[in-house]
Amino acid sequence: MVEAVGVRKHFGDNEVLKGIDLAVRPGEVVSLLGPSGSGKSTFLRCINHLESIDGGEISVNGHLVGYRRAGGKKYELKPREIATARRDVGMVFQRFNLFPHLTALENVMEAPVFVKGVARTEARQTATDLLARVGLADKPAAYPAQLSGGQQQRVAIARALAMQPRLMLFDEPTSALDPELVGEVLDVMKGLAADGMTMIVVTHEMGFAREVCDRVVFMDGGVIVEAGPPSDVFTNPQHPRTRSFLSKVI
Ligand code: ADP
Ligand code: MG
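One rule links them: number in our numbering = place in the sequence shown (from 1) + 1.
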C-alpha cells in the first residue's frame with residue numbers, strides 16, 4: 002500500500018529526512034514513534050503530498066507521490082497525478098480542523114459532495130453511517146463548538162473515511178485531548194484496524210502501539226533507527242536511542 006524508498010527532505014540547510022525506506026502492506030497497522038523533531042510529521046506529510054520530496058520515491062497504492070529521479074532528473078508530478086495519489090489517503094491531525102460553521106454531518110459530507118461530486122442524498126446517508134461508526138449517531142446536528150475534543154476528533158476521522166481512503170494517516174490524533182477523552186478516539190482507531198484499514202499512526206500512546214500495531218517504527222534524526230513487531234521493539238529494543246526513548250515514555 003505504501004512503498005517509500007530512500008526518501009529525502011530538507012528545509013533549507015536542515016535535512017529532515019535522510020533516506021527513509023518503509024513498505025507497508027495492505028491491512029497493516031504501523032506506528033511511527035520517536036522524539037519530537039525526528040521527522041515523523043514531515044514523513045506523513047510527504048506520503049500525502051502535503052510536502053514534496055527531494056530524493057527517493059514514494060508510492061501509495063501503486064500511484065507515485067512527489068518527486069522521483071527519472072534518468073537522473075527530477076520528475077515533478079502533474080496536479081492530476083497528485084490528486085489521484087491523494088484520493089487514496091485520509092489524514093487525521095492533532096488539531097481536528099473541522100469547519101466551525103458546519104454541523105458534524107455537514108463536515109463529513111463536505112468533501113464527497115464538493116470534491117467528488119457525490120449526490121447530496123447519497124453523501125448524507127454515507128455520513129450518517131460514518132457518524133454511527135465513530136459512535137456519534139446522536140450528534141449529526143451538533144456544531145464543532147458543541148462537541149468535546151474527543152467527539153470532534155471522531156468527526157474528523159469520519160470525515161477522512163468519507164472519501165473512502167485505502168490508507169489512513171494519523172498524526173498524534175490524541176495529543177491535544179484531555180486524558181479522559183483519549184480512549185474513545187483510540188477505540189475508534191482500533192475498530193478501523195480490526196476492519197482491515199491500512200494505517201500509519203504517529204503516537205505517544207504506547208499501549209495502543211503495543212496492542213494494535215503490527216509493527217512499530219522508531220525514528221530519530223531523520224532516519225529509521227529500528228523497526229519490528231511491538232513485542233520485540235518494546236521488550237528488547239536493540240538500539241540505544243530506542244532504549245533511551247522508551248525508558249522516557251513507558
Ligand atoms: P516530528 O513530527 O517528529 O516532531 P517534524 O517532522 O515536525 O518532526 O519536524 C522535523 C524537523 O523539520 C524539525 O526540525 C522541524 O523544525 C523541521 N520542519 C518541519 N516542518 C518545517 C517547515 N515547514 N519548514 C521548516 N522546517 C520544518
Ligand atoms: Mg510531529
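Yeah, the Cβ is synthetic: ideal placement off N, Cα and C, and Gly gets one too.
- When DSSP reads this structure, ILE201 sits in a beta bridge with VAL31 and LEU170.
- ASP221 has VAL224 as its beta-bridge partners, per DSSP.
- Applying a distance threshold of 6 Å between residue Cβ atoms and the heavy atoms of the ligand ADP selects PHE12, ASN15, VAL17, GLY35, SER37, GLY38, SER39, GLY40, LYS41, SER42 and THR43, given in chain order.
- Its Cα nearest to that of LEU137, the residue ALA159 stands out among GLU29, LEU51 and ALA159.
- For VAL93, the Cβ stays outside the 7 Å cut-off from all heavy atoms of the ligand MG.
- With respect to the C-alpha of VAL3, the residue from ASP179, PRO27, SER232 and PHE246 having the closest C-alpha is PRO27.
- For SER60, the beta-bridge partners assigned by DSSP are GLU4 and LEU65.
- Counting the other CB atoms within 10 Å of its CB gives SER42 a total of 16 or more, which places it among the buried residues.
- According to the DSSP secondary-structure assignment, PHE12 is paired through a beta bridge with ASN15.
- For ASP179, the three-state secondary structure derived from DSSP is coil.
- In the three-state reduction of the DSSP assignment, ILE21 falls in the strand class.
- Pairing VAL202 with VAL30 gives a Cβ-Cβ distance under 8 Å.
- The beta carbons of ALA146 and PRO101 sit about 6 Å from each other, so the pair counts as a contact at 8 Å.
- Uninterrupted alpha helix (DSSP H) stretches at least 4 residues long and entirely within the region 72-117 occur at 80-88 and 105-115, given in chain order.
- Taking all protein chains shown into account, PHE44 has 16 or more neighbouring C-beta atoms within 10 Å of its C-beta and is therefore buried.
- The beta carbon of GLN95 sits closer than 8 Å to those of ASP172, GLU173, PRO174, SER176 and ALA177, all from its chain and outside the five residues before and after it, given in chain order.
- Straight-line measurement puts the Cα of GLU16 at about 9 Å from the Cα of GLY222.
- Residue side-chain check: VAL203 places its Cβ nearer than 7 Å to a non-hydrogen atom of the ligand MG.
- Put simply, the backbone Cα of MET220 is about 44 Å away from that of THR122.
- Sequence-distant Cβ neighbours of PRO36 in its own chain, meaning closer than 8 Å and more than five residues away, are ASP221 and PHE246.
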